[in-house]
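Engineer:
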Amino acid sequence: MATLLRKVWESVSARSSSTSHSPLQLTSSSATSSDSSDSSLGPCFDSVPLDILLQILRLVGPKDAIKLGCVSRAWRSLVSDNRLWIYFLQYYQGHDDPWDSVFFAELNLRSGYPLQTFPSRTGELSFMRIYGQRAQVSGSVIIDGGSGYCKFGWSKYACPSGRSATFLEFGNIESPMYARLRHFFGTIYSRMQVKPSAQPIVLSIPICHYDASDNWASMVNIQFLTSSELISPDTDSAKASRRQLKDAIHTVLFDMNVPAVCAVNQPYVEMLLSLHYSFCLNTMTFASDSLQATLALFAARRTSGIVVNIGFQVTSVVPILNGKVMRKVGVEVIGLGALKLTGYLKELMQQNNINFESLYTVRTLKENLCYVAADYKTELSKDTRASMEVPAVGWFTLSKERFQTGEILFQPRIGGVRAMGLHQAVALCMDHCHAAELTCDDTWFKTIVLSGGTACLPGLAERLEKELHETLSPSLANGLRVIPPPHGPDTAWFGAKFISNLSTFPGTWCIRKKQFRRKSRANIMW
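To convert, count from 1 in the sequence shown and add 18; that's the working numbering.
Shown next as structure tokens:
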């Protein structure tokens, strides 16, 4: 590299001196020689094609490319070429984010929340600046705490590094909420071996199913009969309950010296809480099911669409426009979730005299053998037997149970649940989005993203798309697309990862501790 830099400098210097070889010409041609040297790469490089020069710069790497940019204006212009820094972002950044994910995040999310209606144009971005800013963003620990299980790991990692059952971290259910939350955070800190005074943390926990009776860990198995009842209620009592829980969370965090809060979907329950300690601004994130839906949408590289989040006990159908949950349109909630599917498989196994020792065995079989049939009646006539060995338990063989388990998502009554089918809830949500006329373009709600571990059942996306085409009018069904969980059960975690690694993070995502302390006086709504 030193040889290349010396060669470039000698070449540019030789070009400059050749235009001012005598004192008599110096005054008359000083401006011309200056412009010539600035606009030239040097005699040895002017004749080299641009593509070859970019290939050379790719080989020398980003640090040495910056040094070459200091030689002259021409080299600086060449070094700042976006194509070069797109390559460096792909291969030199030191993270495992694919380029299309980086590009989506920087194009659509870098402005912070609320998102811009019209994202930045590619030509308006300086990827050299973005590269430098992303290199300065410290890694964060992301903990995606679902209602059943939580996933945690560094934002610079390719995937979560650990998993645990969320409810086990809350300690005694009879303990005060503050103690349970403190125990939850303390357990995660210990498990991640994180020092609160030095390390960034990103957390996401579900808070939208909080019961006002202080039963924090309980989840209500909501069952609705009609379309009017299907819309998730947002009563004054529900708002007060959520506010109570949010205050408890904030109290715990600020008692742990959390100085900054980063909010997403600020008017609602969803929020990103950013922890920053000592030398750098560190990040902690909290989320309700709606925020997890937003993060899942980001992970699918979308800012608008409908997210079907199949949680532990309920399934939420969440319309999102430009990163904002459209609660005025209506968030549909179905009393079906992963726990109900596991319970139904348990019943089927008992009916067929298949012995097992624990729900862990049933859940393992569900995750590995079950699927959703494209045509339920046709599947009943097929031989669908399959076997697997559950570690430390033994071998199990399932037949019709494999697809009957997932069928209750579309026919809840066969599982004893009085609720709408998944396709009916999504169709109802799409009808509401169409009737609301929120934008001139009705295609924003025709992208449906699945989220949650149960949403990973093979065949679910294809079956849902098929049922929607049969349920909706041709105009609404035209252009419809159902996307499986982009990153499996870790989809929401990856959405938080996109935000945590942004070149502008924390930037406008954050609200400082002092601002939050004054919220009661300023009447700030979170």
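Ideal Cβ placement from N, Cα and C applies to all residues, glycine included.
Alpha carbon to alpha carbon, how far is Lys-418 from Ile-328?
Structural biologist: For the purposes of this step, residue 418 is identified with residue 400 of the sequence shown, where counting begins at 1. For the purposes of this step, residue 328 is identified with residue 310 of the sequence shown, where counting begins at 1. So the alpha carbons of these two residues sit roughly 23 Å apart.
Engineer: Which residues bound the beta strand (DSSP E) around Lys-169?
Structural biologist: Translated into the one-based positions of the sequence shown, residue 169 becomes position 151. That run of the beta strand (DSSP E) goes 167-172.
Engineer: So what's Asn-327 in DSSP terms, helix, strand or just coil?
Structural biologist: The residue you call residue 327 lines up with position 309 of the sequence shown. The three-state reading of DSSP puts Asn-327 in strand, counting E and B together.
Engineer: Name the residue from Leu-71, Arg-128 and Leu-357 whose alpha carbon lies nearest to the alpha carbon of Trp-527.
Structural biologist: Looking up residue 527 in the sequence shown gives position 509. Answer by Cα proximity: Arg-128.
Engineer: Using a 10 Å radius around the Cβ and a threshold of 16 neighbouring Cβ atoms, would you call Thr-301 buried or exposed?
Structural biologist: Locating residue 301 in the sequence shown gives position 283, where the first residue counts as 1. For Thr-301, the predicted model reports a pLDDT of 41, less than 50, meaning its position is unreliable; a value from the coordinates is still stated below. So Thr-301 ends up on the buried side.
Engineer: Take the Cβ of Arg-535 as the centre, count every other Cβ of all protein chains shown within 10 Å, and call the residue buried at 16 or more, exposed below.
Structural biologist: In the sequence shown, counting from the first residue as 1, residue 535 sits at position 517. With fewer than 16 other Cβ atoms within 10 Å, it is exposed.
Engineer: Tell me the residue span of the beta strand (DSSP E) that contains Val-467.
Structural biologist: Mapped onto the sequence shown, residue 467 falls at position 449. Run containing Val-467: 465-469, per the beta strand (DSSP E) assignment.
Engineer: At the level of alpha carbons, what is the spacing between Thr-522 and Asp-508?
Structural biologist: In the sequence shown, counting from the first residue as 1, residue 522 sits at position 504. In the sequence shown, counting from the first residue as 1, residue 508 sits at position 490. So the two alpha carbons sit approximately 24 Å from each other.
Engineer: Tell me which residues share the same chain as Ala-495 and place their Cβ nearer than 7 Å to its Cβ, disregarding the 5 neighbours each side in the sequence.
Structural biologist: Here residue 495 is taken as the residue at index 477 of the sequence shown, counted from 1. So the qualifying residues of the chain are Leu-486 and His-487.
Engineer: Can you check which of these residues, Phe-145, Thr-135 and Asp-99, is closest to Phe-121 by C-alpha distance?
Structural biologist: Here residue 121 is taken as the residue at index 103 of the sequence shown, counted from 1. That would be Phe-145, whose Cα lies nearest to the Cα of Phe-121.
Engineer: Do you know how far the Cα of Asp-162 is from the Cα of Ser-322?
Structural biologist: Here residue 322 corresponds to residue number 304 of the sequence shown, with the count starting at 1. Here residue 162 corresponds to residue number 144 of the sequence shown, with the count starting at 1. Distance between the alpha carbons of Ser-322 and Asp-162 is about 21 Å.
Engineer: By Cβ distance below 8 Å, which residues in the same chain neighbour Arg-181 in space, the five residues on each side in sequence not counted?
Structural biologist: Here residue 181 refers to the residue found at position 163 when the sequence shown is read from its first residue. So the qualifying residues of the chain are Tyr-167, Cys-168, Lys-169 and Phe-170.
Engineer: Considering only their Cβ atoms, is the gap separating Phe-463 from Ile-324 smaller than 8 Å?
Structural biologist: Counted from its first residue, the sequence shown places residue 324 at position 306. Counted from its first residue, the sequence shown places residue 463 at position 445. Against a cut-off of 8 Å, the Cβ pair of Phe-463 and Ile-324 comes out as a contact.
Engineer: Could you please give the first and the last residue of the uninterrupted alpha helix (DSSP H) stretch that includes Val-380?
Structural biologist: As a first step, residue 380 must be located in the sequence shown, where it is residue number 362. Boundaries of the alpha helix (DSSP H) around Val-380: 377-387.
Engineer: Just checking my contact of Cys-474 with Pro-503 at CB under 8 Å: how many whole Å lie between their CB atoms?
Structural biologist: Walking along the sequence shown from the start, residue 474 turns up at place 456. Walking along the sequence shown from the start, residue 503 turns up at place 485. Contact flag correct, Cβ pair sits at about 5 Å.
Engineer: Check whether the region 340-357 touches the region 427-441, counting contact only when three or more Cβ pairs, one atom from each stretch, lie closer than 8 Å.
Structural biologist: yes
Engineer: Mapping the DSSP letters down to three states, classify Thr-135 as helix, strand or coil.
Structural biologist: Position 117 of the sequence shown, counted from the first residue, corresponds to residue 135. The three-state secondary structure of Thr-135, taken from DSSP, is coil.
Engineer: Taking all protein chains shown into account, decide if Thr-11 is buried (16 or more other Cβ within 10 angstroms of its Cβ) or exposed.
Structural biologist: With the chain represented from 19 up to 544, any question about residue 11 goes unanswered, as that position is not in the structure.
Engineer: Out of curiosity, what's the CA-to-CA distance linking Glu-142 and Gly-525?
Structural biologist: Within the sequence shown, the letter at position 124 stands for residue 142. Within the sequence shown, the letter at position 507 stands for residue 525. Whole-angstrom Cα-Cα distance: 19 Å.
Engineer: Ser-173 to Phe-421, Cα distance in whole Å?
Structural biologist: In the sequence shown, residue 173 corresponds to position 155, counting from 1. In the sequence shown, residue 421 corresponds to position 403, counting from 1. Going from the Cα of Ser-173 to the Cα of Phe-421 covers about 36 Å.
Engineer: Restricting to Cα atoms, I'd like to know which of Val-78, Gly-204, Gly-150 and Ile-70 is closest to Leu-107.
Structural biologist: Your numbering for residue 107 matches position 89 in the sequence shown. Per the Cα distances, Gly-150.
Engineer: Compute the Euclidean distance between the alpha carbons of Ala-311 and Leu-199, then round it to the nearest angstrom.
Structural biologist: Within the sequence shown, the letter at position 293 stands for residue 311. Within the sequence shown, the letter at position 181 stands for residue 199. Taking the straight line from one Cα to the other gives about 23 Å.
Engineer: With DSSP run on the structure shown, which of helix, strand or coil describes Gly-513?
Structural biologist: Position 495 of the sequence shown, counting from 1, holds the residue named residue 513. Note: Gly-513 maps to helix in three-state DSSP.
Engineer: Cα-Cα, which of Lys-400, Arg-481, Ala-445 and Ile-501 is closest to Pro-492?
Structural biologist: The sequence position of residue 492 within the sequence shown is 474, counting from 1. Taking only the C-alpha atoms, the option nearest Pro-492 is Ala-445.
Engineer: Could you tell me whether the Cβ atoms of Leu-71 and Ala-83 are closer together than 8 Å?
Structural biologist: Walking along the sequence shown from the start, residue 71 turns up at place 53. Walking along the sequence shown from the start, residue 83 turns up at place 65. No, they are not a contact pair.
Engineer: For Trp-413, does the count of other Cβ atoms within 10 angstroms reach 16, so buried, or fall short, so exposed?
Structural biologist: Your numbering for residue 413 matches position 395 in the sequence shown. Exposed.
Engineer: So, Val-467 versus Ile-501, is the Cβ gap smaller than 8 Å?
Structural biologist: Walking along the sequence shown from the start, residue 467 turns up at place 449. Walking along the sequence shown from the start, residue 501 turns up at place 483. Taking 8 Å as the Cβ cut-off, Val-467 and Ile-501 qualify as a contacting pair.
Engineer: Using the DSSP secondary-structure output, state which residues sit across from Phe-414 in a beta bridge.
Structural biologist: To locate residue 414, count along the sequence shown from 1; it is residue 396. Phe-414 is bridged to Met-406.
Engineer: Counting C-beta neighbours from all protein chains within 10 Å, is the total for Leu-133 16 or more, i.e. buried, or is it exposed?
Structural biologist: As a position in the sequence shown, residue 133 is number 115, starting the count at 1. Counting Cβ neighbours within 10 Å, Leu-133 comes out buried, since at least 16 surround it.
Engineer: Buried or exposed, going by whether 16 or more other CB atoms sit within 10 Å of the CB of Tyr-362?
Structural biologist: In the sequence shown, counting from the first residue as 1, residue 362 sits at position 344. Buried.
Engineer: On a CA-only basis, which of Gln-429, Met-344 and Asp-115 is nearest Asp-393? Give me that one, please.
Structural biologist: Start at 1 with the first residue of the sequence shown, and residue 393 comes out as number 375. For the residues Gln-429, Met-344 and Asp-115, the minimum Cα distance to Asp-393 belongs to Gln-429.
Engineer: What number of angstroms, rounded off, separates the C-alpha of Asn-126 from the C-alpha of Phe-272?
Structural biologist: One-based indexing of the sequence shown puts residue 126 at position 108. One-based indexing of the sequence shown puts residue 272 at position 254. Across the structure, Asn-126 and Phe-272 are spaced so that their CA atoms are roughly 31 Å apart.
Engineer: Closer than 7 Å to a non-hydrogen atom of the ligand HEM - does that hold for the CB of Val-351?
Structural biologist: By its list of ligands, the structure shown contains no ligand whatsoever, and the ligand HEM lies outside what it can speak to.
Engineer: Just grab the DSSP bridge partners of Pro-337 for me.
Structural biologist: As a first step, residue 337 must be located in the sequence shown, where it is residue number 319. BP columns for Pro-337 point to Ile-324.
Engineer: Sort out for me which residues DSSP pairs Glu-142 with in a bridge.
Structural biologist: Locating residue 142 in the sequence shown gives position 124, counting from the first residue. Glu-142 pairs with nothing; no bridge assigned.
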